[in-house]
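> One gets this note's numbering by counting positions in the sequence shown from 1 and adding 46 to each. Beta carbons: idealized from backbone N, C-alpha and C, even for Gly. Dumping the structure here so I can ask a few things about it.
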Amino acid sequence: MSKLAFWKESIETRLRELLKPFEPRLLYEAMSYYVFQEGKRIRPLFVCTVCDALGGDIEDAITVGCAIELLHNYSLVHDDLPIMDNDPIRRGKPSCHVIFGEDIALLAGDGLLTLSFEILSTRENFRSLGRVELLEIIRVLSSKAGYKGMVGGQALDIRELSNRKEISKRKTAELFSACFISGGIIAKRWDLMEKLDALGLQVGLIFQIMDDYRDRDGFYKLYGEKLLEEVEGISIEFINESKSVRIYTEELKNLIDTILCK
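Have a look at this one:
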């Protein structure tokens with residue numbers, strides 16, 4: 047079994063340990079509806095990949111990655127709501143609010159967001175991370191997921207208040223940046239924070255461009271087939287920069303290939 051396959055299996059197991067059935071059952075079912083659907087777990091796998099390349103504790107990386115995955119799923123639940131993107135379908139299935147109602151879906155998103163930070167603020171969930179590292183991960187994730195990042199990007203998207211690149215950077219890429227930075231924090235590589243931030247933003251932009259290319263939406267409407275040239279340029283820069291900080295492993299290459307659909 048490859049490292050990525052093993053990590054993904056471990057992520058699935060850990061998610062079920064962290065999000066166990068509770069009462070009211072309806073809220074649990076709504077919170078777990080997206081989380082336990084089949085997914086690639088790209089974001090937690092980036093945490094694991096960066097952490098492993100830098101010599102950090104992979105078990106702690108899995109737990110941090112799961113917290114980020116729960117936060118990511120909160121954003122999906124809220125984005126799909128009629129007052130946001132009004133998407134009735136997610137991953138080929140009815141969206142959370144279609145199944146459980148808008149009221150419960152809203153609460154499910156709130157529950158996933160707060161659970162993410164409960165996990166990260168509970169020292170007993172981790173093997174080697176101390177208070178300093180956990181507090182910094184919480185700070186980074188709060189910033190990247192908040193008004194400076196993901197939430198701000200959604201606001202810009204709703205009102206079309208900015209260009210496509212800025213929206214995608216804040217709405218999508220900032221969370222990938224949090225994954226890269228978190229991997230570095232777990233490995234205690236404080237000297238690499240700025241570089242990991244930039245690398246994560248590059249990956250997030252590649253991810254969003256390819257998503258738009260497949261859906262013929264967003265960036266594709268602006269640039270058409272030229273998008274692939276843009277991706278190639280960003281990818282080359284990313285590879286060179288990731289090699290310079292010694293994180294361009296076989297696992298990282300495979301994750302990038304997954305995003306590029308190779």
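#1: So which of Ile129, Lys217, Val186 and Leu274 has the shortest CA-CA distance to Leu149?
#2: Quick check: the Cα distance between Ile135 and Asp237, rounded to an integer number of angstroms?
#3: So Ser223 and Asp243 are supposed to be a Cβ contact under 8 Å. How far apart are they, rounded?
#4: Can you grab the Cα-Cα spacing for the pair Thr59 / Ser281, in whole Å?
#5: With the cut-off set at 7 Å, would you say Cys225 and Phe92 are in Cβ contact?
#6: Tell me which residue opens and which closes the alpha helix (DSSP H) that Gln248 is part of.
#7: Under the three-state reduction of DSSP, which class applies to Lys139: helix, strand or coil?
#8: With a cut-off of 8 Å, do at least 3 Cβ pairs link the stretch 97-108 to the stretch 157-170?
#9: For Ala219 and Gly195, what's the separation of their Cα atoms in angstroms?
#10: Please name the residue in Phe68, Thr295, Arg173 and Leu116 whose C-alpha comes closest to that of Ile389.
#11: Determine the burial state of Ala51: buried for a count of at least 16 other Cβ atoms within 10 Å of its Cβ, exposed for fewer.
#12: Could you pull out every residue in the same chain whose Cβ sits closer than 7 Å to the Cβ of Leu153, ignoring the five residues on either side in sequence?
Looking at the atomic coordinates:
#1: Here residue 149 is taken as the residue at index 103 of the sequence shown, counted from 1. Per the sequence shown, the amino acid found at residue 149 is Asp instead of Leu. Asp149 has its Cα closest to that of Ile129, out of Ile129, Lys217, Val186 and Leu274.
#2: Translated into positions along the sequence shown, residue 135 becomes position 89. Translated into positions along the sequence shown, residue 237 becomes position 191. Whole-angstrom Cα-Cα distance: 43 Å.
#3: What you label residue 223 is simply residue 177 of the sequence shown in a count that begins at 1. What you label residue 243 is simply residue 197 of the sequence shown in a count that begins at 1. Indeed they touch by this definition, with Cβ atoms about 5 Å apart.
#4: In the sequence shown, the residue the question calls residue 59 occupies position 13. In the sequence shown, the residue the question calls residue 281 occupies position 235. Going by the C-alpha atoms only, they are around 32 Å apart.
#5: As a first step, residue 225 must be located in the sequence shown, where it is residue number 179. As a first step, residue 92 must be located in the sequence shown, where it is residue number 46. The answer is yes: Cβ separation under 7 Å.
#6: Position 202 of the sequence shown, counted from the first residue, corresponds to residue 248. Per DSSP, Gln248 belongs to the alpha helix (DSSP H) from Met239 to Asp261.
#7: Counting from one through the sequence shown, the residue named residue 139 turns up at place 93. Reduced to three states, the DSSP call for Lys139 is strand.
#8: no
#9: The sequence position of residue 219 within the sequence shown is 173, counting from 1. The sequence position of residue 195 within the sequence shown is 149, counting from 1. C-alpha separation (whole angstroms): 8 Å.
#10: As shown, the chain starts at 47 and ends at 308. That puts residue 389 outside it, with no answer to give.
#11: Here residue 51 corresponds to residue number 5 of the sequence shown, with the count starting at 1. Exposed, by the Cβ-count rule.
#12: Residue 153 sits at position 107 when you count from the first residue of the sequence shown. If we look at Leu153 and ignore the five residues flanking it on each side, its Cβ neighbours are Leu73.
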